[in-house]
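Per the UniProt record's numbering, residue 1 is the first one in the sequence shown, and the count goes up by one each step. By construction, the Cβ of each residue, glycine as well, lies at the ideal position given by its N, Cα and C atoms. Please read the structure below before turning to the comments.
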Amino acid sequence: MTTHKQCTLRAVLTGLLVAPACVAAAPNGTLHQLAKAAGKLYFGTAVDNPELDDPQYRPVVGSGAEFGQITVGNTQKWQFTEPEQNKFDFAAGDVIVDFAKSNSQIVRCHTLVWHNQLPQFVSSGNWDRDSLTRVIESHISNVAGHYKGKCYAWDVVNEALNDDGTFRDSVFNRVLGPDWIPIAFKAAAAADPMAKLYYNDFNIEQPGNKQQAALRIVDLVRGCGATIHGVGFQGHFTVGQTGSKESLASVLNSFAAKDLDVAYTEIDIRHASLPADAQAQQRQADDYAAVVGACLSVQRCVGITVWGASDAHSWVPSTFPGAGDATLLDRNMNPKPAYNRVRDVLAAAGRTEKRKMDGAPWGILRLVTGWTCPWFARHKARRPRPSAGGTFVLPPL
1 MTTHKQCTLR
11 AVLTGLLVAP
21 ACVAAAPNGT
31 LHQLAKAAGK
41 LYFGTAVDNP
51 ELDDPQYRPV
61 VGSGAEFGQI
71 TVGNTQKWQF
81 TEPEQNKFDF
91 AAGDVIVDFA
101 KSNSQIVRCH
111 TLVWHNQLPQ
121 FVSSGNWDRD
131 SLTRVIESHI
141 SNVAGHYKGK
151 CYAWDVVNEA
161 LNDDGTFRDS
171 VFNRVLGPDW
181 IPIAFKAAAA
191 ADPMAKLYYN
201 DFNIEQPGNK
211 QQAALRIVDL
221 VRGCGATIHG
231 VGFQGHFTVG
241 QTGSKESLAS
251 VLNSFAAKDL
261 DVAYTEIDIR
271 HASLPADAQA
281 QQRQADDYAA
291 VVGACLSVQR
301 CVGITVWGAS
311 DAHSWVPSTF
321 PGAGDATLLD
331 RNMNPKPAYN
341 RVRDVLAAAG
351 RTEKRKMDGA
361 PWGILRLVTG
371 WTCPWFARHK
381 ARRPRPSAGG
391 TFVLPPL
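Structure (structure tokens):
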């Protein structure tokens, strides 16, 4: 919808010295559109295969507008992609990736090595260092190789840490110690050189032992000569326990300071008990606003992904009995107060971003006359844009 600005002649004449007196109304737009207007790459959601059979759900996640990015929720995990050694099955994962690509959505692929949802041949194998290394390398080579060029990013290693910052007990750590982590990143870089490679974990969103250990994982990977591009913050929060925007942003910045991209990768904010009254729903909206605001305030935060678009398909009730209603849409796909608050925060950030790009004096001249400086327009159009493979390319002049 087009909005029309009306300015007095006095505002026009003084606009070269002060900000204009006219302000546009809040823009319409979906979460993804508003996130992009605010300078982020995407606002997305995770999708699992059964959800695509829901006639109410499919249009919401597949429009390519409300959510501009899709994370493969389940079916790229090891138990699905290699259920038996050297026998690979990509059919279920392909459904989600193809669905996203058909809607021109960015794909985050999830996940290559995780201690959970492993096939028995991995978890119960009689491995030594060499044999388990070969198994990891073969798995990643085949899976990431199959999706080469389709994934903007891979969660290469998922949840390697305990909450106290020690390494989680897993078949990988028992046999290889922490070396399995750079082994995985090296294999992923070889299999899909264009993808962004992430470490992904929960409970690293606030300062503490686990957050510090995740920073050390970055050093470990780089110290072994492997590439890591980013860290994903899952963000499975409880209403009232999310933390402030400032605290969340400080942690994001601690990773960005290591020349890393950061992203919120699995956001949901659950009510500890149901039903949630109006006051609890407002607290949830405040918590979502803090998370989104933190990402918006950190330049290297590329985007936000919610772990499920609606309460109808959330993992929370089956994992945390009595808790739930953790997403932005209710069971009937209606926006909740949290959705509206997120939308408002994104819209406000987008207006701020636009003012930066349209600053005086050129913004005032364009406002009044419609004229655009050819040099500025040409170079603004050359801002890096993501390619299908996940890299950023600069359009020619």
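{"Query": "Option in Lys-77, His-313, Val-302, Asp-344 with minimal Cα separation from Phe-43", "Result": "Val-302"}
{"Query": "N- and C-terminal bounds of the beta strand (DSSP E) containing His-236", "Result": "236 to 238"}
{"Query": "Span of the beta strand (DSSP E) around Lys-186", "Result": "First-last for Lys-186: 180 to 191, but that is the alpha helix (DSSP H), not the beta strand (DSSP E)."}
{"Query": "Cβ contact (3+ pairs, closer than 8 Å) linking the segment 262 to 271 and the segment 227 to 245", "Result": "yes"}
{"Query": "C-alpha distance - Asp-259 paired with Ile-70, whole-angstrom precision", "Result": "25 Å"}
{"Query": "Cβ contact (3+ pairs, closer than 8 Å) linking the segment 80 to 98 and the segment 127 to 134", "Result": "no"}
{"Query": "Under the three-state DSSP convention, the category Pro-55 falls into", "Result": "coil"}
{"Query": "Backbone CA spacing between Ala-144 and Val-72 [nearest angstrom]", "Result": "13 Å"}
{"Query": "Residue environment, Lys-356, which counts as buried when at least 16 other CB atoms sit within 10 Å", "Result": "exposed"}
{"Query": "Rounded C-alpha distance that separates Val-156 from Pro-83", "Result": "18 Å"}
{"Query": "Which listed residue (Cys-151, Asn-173, Val-342, Pro-207) has its alpha carbon closest to that of His-115", "Result": "Asn-173"}
{"Query": "Beta-carbon proximity check, Ala-338 vs Ala-280, cutoff 8 Å", "Result": "no"}
{"Query": "Candidates Gly-243, Ala-263, Asp-311: closest to Ala-290 by CA position", "Result": "Gly-243"}
{"Query": "Spatial neighbours of His-139 in its chain, beta-carbon cut-off 6 Å, leaving aside the 5 residues before and after", "Result": "Glu-82"}
{"Query": "Opening and closing residue of the beta strand (DSSP E) in which Trp-78 lies", "Result": "Run containing Trp-78: none in the beta strand (DSSP E); it sits in the alpha helix (DSSP H), 78 to 81."}
{"Query": "Glu-159 in three-state terms, based on DSSP", "Result": "coil"}
{"Query": "Through-space distance from Asp-311 to Asp-330, alpha-carbon basis", "Result": "5 Å"}
{"Query": "C-beta contact flag for Tyr-152 and Ala-309 at 8 Å", "Result": "no"}
{"Query": "Beta-carbon gap between Gln-76 and His-32 smaller than 8 Å", "Result": "no"}
{"Query": "8 Å Cβ cutoff met for Ala-191 and Lys-148", "Result": "yes"}
{"Query": "Unbroken beta strand (DSSP E) run spanning Tyr-199, endpoints", "Result": "196 to 201"}
{"Query": "Outcome for Asn-74 when other beta-carbon atoms lying within 10 angstroms are tallied against a minimum of 16", "Result": "buried"}
{"Query": "In DSSP terms, what Ser-226 is bridged to", "Result": "It should be pointed out that residue 226 corresponds to Ala in this sequence rather than to Ser. In DSSP, Ala-226 forms no bridge with anything."}
{"Query": "Gln-279: CB within 7 Å of a non-hydrogen atom of the ligand PLP", "Result": "Ligands displayed in this structure: none; no statement on the ligand PLP is therefore possible."}
{"Query": "Rounded straight-line distance, which links the Cα of Gly-293 to that of Gly-350", "Result": "12 Å"}
{"Query": "Local Cβ density within 10 Å of Arg-108, reported as buried at 16 or more and exposed below that", "Result": "buried"}
{"Query": "Residue closest to Phe-88, alpha-carbon to alpha-carbon, out of His-146, Phe-67, Gly-68", "Result": "His-146"}
{"Query": "Same chain only: Cβ atoms within 6 Å of Lys-210, ignoring 5 sequence neighbours per side", "Result": "Leu-161, Asp-163, Gly-165, Asn-203, Ile-204"}
{"Query": "Endpoints, beta strand (DSSP E) assigned at Leu-112", "Result": "106 to 114"}
{"Query": "Three-state secondary structure (DSSP) of Lys-258", "Result": "coil"}
{"Query": "Beta-carbon gap between Glu-353 and Ala-38 smaller than 8 Å", "Result": "yes"}
{"Query": "Unbroken beta strand (DSSP E) run spanning Leu-70, endpoints", "Result": "Contrary to the premise, residue 70 reads as Ile rather than Leu in this sequence. From DSSP, the beta strand (DSSP E) with Ile-70 extends over 69 to 72."}
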